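Colleague:
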Amino acid sequence: MPGGPELILIAFIVLLLFGGRKLPELMKGLGKGIREFNNAKNSIQSEINTEMKELEKPKIEVKEEVKVTKEKIKEE
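Sequential numbering from 4 applies to the sequence shown in our numbering.
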């Protein structure tokens with residue numbers, strides 16, 4: 004992650020390349036891109052979490068069956 008001096012240098016280079024007039028438009032586009040990326044990331048993360056919960060269900064069912072079977076064996 005760049006520190007303070009590096010960020011100042013990057014900002015200066017961007018200002019030279021795009022000029023002061025296009026800088027707000029550039030920042031607006033950058034913000035929109037970051038927002039879209041974060042939305043996509045959150046959506047994918049939500050889908051993964053949902054699928055992980057679905058995969059846990061059979062595991063829980065098997066654990067319950069094992070527990071019941073152990074109790075039946077102990078009773079005999």
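Note that the Cβ used here is the ideal one computed from N, Cα and C, for glycine as well. Remember, predicted model here, so these are calculated numbers, not experimental data.
(1) I'd like to check one pair, Leu12 with Phe81: are the Cβ atoms closer than 7 Å?
(2) Using the Cα positions of Lys66 and Glu79, report the straight-line distance between them to the nearest angstrom.
(3) Return helix, strand or coil for Gly6, following the three-state DSSP convention.
(4) Give the C-beta separation of Leu18 and Leu26 to the nearest angstrom, bearing in mind that I take them to be a contact with Cβ-Cβ under 8 Å.
Modeller: This is what the structure holds:
(1) Only positions 4 to 79 of the chain appear in the structure, and residue 81 is not among them; the question remains open.
(2) C-alpha separation (whole angstroms): 20 Å.
(3) In the three-state reduction of the DSSP assignment, Gly6 falls in the coil class.
(4) Taking a contact as a CB-CB distance under 8 Å, the pair Leu18 and Leu26 counts as one, their CB atoms being some 6 Å apart.
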